[in-house]
Amino acid sequence: MKALFRYCIIFIYSFLLSTCVSTTQPSAKKYVTDNGRVFGTFYQIKYASNGKDVKTEYLVALAAVDTALSTFNKQSTITRVNLSPDSVFLSDNDSLFIRVYNKACEISTITNGAFDITVAPLVNAYGFGFDPNRSTPDSVIAELKNYVGWKKVSLSPSGYIKKENPNIKLDASAIAKGFGSDAVARVLRKNGINDFMVEVGGEVVCSGVNDKGKVWSIGINKPIEDSTMQHTNELQRVVQLDGKALATSGNYLQYYYKNGTKYAHTIDPCSGKPVNHTLLSSSIIADDCMTADALATACMVIGVDSALSLIESLPNVEGYFIYAGNNGEYLEKHTNGFKFKQ
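Going letter by letter, the sequence shown gives residues -2 to 339 in the numbering used here.
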């Protein structure tokens, strides 16, 4: 249990890559700040209060995400699917899972499988998942690849989700936190609150202005390699967000060395192995955080040049990528629409 908890914490902090910063004149509005833990990660919510008590409602929304998508929740929909030998009937009570599953399939299609919700067996084999161990001989990986592939799972119009093999396991960790941020943002907007910043596990949704009366400024961390988690949150860039979501994924915090080989937490679903390229950090801006979250992960799989081409081809999506130069320096590439705060 202690080992499992340690890996969970590493996973959490690997996504805490965005820090809020603001240095402008104060707003006359009263802002409320709430911090806490939810479905195995941390959240921070800051919003301009209109007098309504919305905390209970957005915590219920976050709990619903946990009930749908947490592999650590033994009663969740995703756990029920993972434990099933073949098919599971999904009712209206499973609507959140269905929404995320459909989005995952959409992103898998767009990225040619670089994002894959069935990658869990490989993630676990390398010691980064919800069933951690580090026994990764090639023969094991070759066997596990038989159980990976998003097309090996299907959802019928009648509501049955079917797996081709009982050993197929789903893992929504690369999309769930973004979906959680979206869920809170929906609650706030529904209650007439349009000035807010929501961050769940480092994935951010912003709207309106901050307590200084200016558009929210979000920092993107410098990708300083540090598996001990004792990083300093030194910022590489700052962006401004209004009505958009930002998600960042990186390999510089969650990794380990074994027999002289570095194993990064991003697993290529096609090769079955941890990625081995120069891309250190991928930041995606999109209309919703679930999309940004999944695309940030996919970009970490395919590398900087392919990632830039992918994001440039997508409407209403922008990308910023930090990669290592030949001498270890930090280099950058980004889409034309990814604007930095000056």
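C-beta atoms are modelled at their ideal positions from N, C-alpha and C, and glycine is treated no differently. The structure presented is a predicted model; accordingly, all values stated were derived computationally and were not measured.
What distance in whole Å lies between the Cβ atoms of residue j and residue i, which are believed to be in contact at a cut-off of 8 Å?
{"i": "residue 68", "j": "residue 135", "result": "Contact doesn't hold; Cβ gap of about 26 Å is too wide."}
{"i": "residue 269", "j": "residue 141", "result": "7 Å"}
{"i": "residue 239", "j": "residue 296", "result": "Rounded, the Cβ-Cβ distance is 23 Å, inconsistent with contact."}
{"i": "residue 57", "j": "residue 46", "result": "No, residue 57 and residue 46 are not in contact; Cβ-Cβ is about 19 Å, not under 8 Å."}
Taking only the alpha-carbon atoms, compute the straight-line gap between residue i and residue j and give it to the nearest angstrom.
{"i": "residue 214", "j": "residue 153", "result": "43 Å"}
{"i": "residue 180", "j": "residue 59", "result": "7 Å"}
{"i": "residue 88", "j": "residue 327", "result": "48 Å"}
{"i": "residue 186", "j": "residue 54", "result": "12 Å"}
{"i": "residue 319", "j": "residue 86", "result": "42 Å"}
{"i": "residue 158", "j": "residue 96", "result": "13 Å"}
{"i": "residue 49", "j": "residue 27", "result": "12 Å"}
{"i": "residue 217", "j": "residue 138", "result": "34 Å"}
{"i": "residue 164", "j": "residue 120", "result": "14 Å"}
{"i": "residue 41", "j": "residue 271", "result": "31 Å"}
{"i": "residue 83", "j": "residue 105", "result": "22 Å"}
{"i": "residue 237", "j": "residue 264", "result": "31 Å"}
{"i": "residue 73", "j": "residue 64", "result": "4 Å"}
{"i": "residue 160", "j": "residue 188", "result": "39 Å"}
{"i": "residue 339", "j": "residue 305", "result": "22 Å"}
{"i": "residue 307", "j": "residue 321", "result": "20 Å"}
{"i": "residue 43", "j": "residue 52", "result": "11 Å"}
{"i": "residue 155", "j": "residue 210", "result": "49 Å"}
{"i": "residue 212", "j": "residue 91", "result": "36 Å"}
{"i": "residue 205", "j": "residue 117", "result": "37 Å"}
Is the Cβ of residue i closer than 8 Å to any Cβ of chain D?
{"i": "residue 114", "result": "Judged by its chain identifiers, the structure shown contains no chain D, having just a single protein chain."}
Could you tell me whether the Cβ atoms of residue i and residue j are closer together than 8 Å?
{"i": "residue 31", "j": "residue 175", "result": "no"}
{"i": "residue 266", "j": "residue 110", "result": "yes"}
{"i": "residue 332", "j": "residue 315", "result": "yes"}
{"i": "residue 190", "j": "residue 242", "result": "no"}
{"i": "residue 247", "j": "residue 220", "result": "yes"}
{"i": "residue 171", "j": "residue 112", "result": "yes"}
{"i": "residue 100", "j": "residue 245", "result": "no"}
Might you give, ordered along the chain, the residues of its own chain that have their beta carbon closer than 6 Å to the beta carbon of residue i, omitting 5 neighbours on each side?
{"i": "residue 173", "result": "66"}
{"i": "residue 108", "result": "295"}
Ordered along the chain, which non-local residues of its own chain (more than five positions away) have a Cβ less than 8 Å from that of residue i?
{"i": "residue 323", "result": "none"}
{"i": "residue 115", "result": "144, 145, 146, 147, 149, 150, 165, 166, 167, 168, 266"}
{"i": "residue 77", "result": "85"}
Please work out which residues of its chain come closer than 7 Å, Cβ to Cβ, to residue i, disregarding the five sequence neighbours upstream and downstream, and give them in chain order.
{"i": "residue 62", "result": "36, 93, 173, 176, 177, 180"}
{"i": "residue 102", "result": "147"}
{"i": "residue 21", "result": "Note on residue 21: pLDDT 40, under 50, position unreliable in the model; the coordinate value appears next. So the list reads 209, 210, 211, once near-sequence residues are dropped."}
**Asked** Counting pairs of Cβ atoms below 8 Å between the region 195 to 210 and the region 134 to 150, do you hit three or more?
**Response** Short answer: they don't touch.
**Asked** When the Cβ atoms of the region 228 to 239 are set against those of the region 266 to 277, are three or more pairs found closer than 8 Å?
**Response** Using a C-beta cut-off of 8 Å, the region 228 to 239 makes no contact with the region 266 to 277, since fewer than three inter-stretch Cβ pairs fall below that distance.
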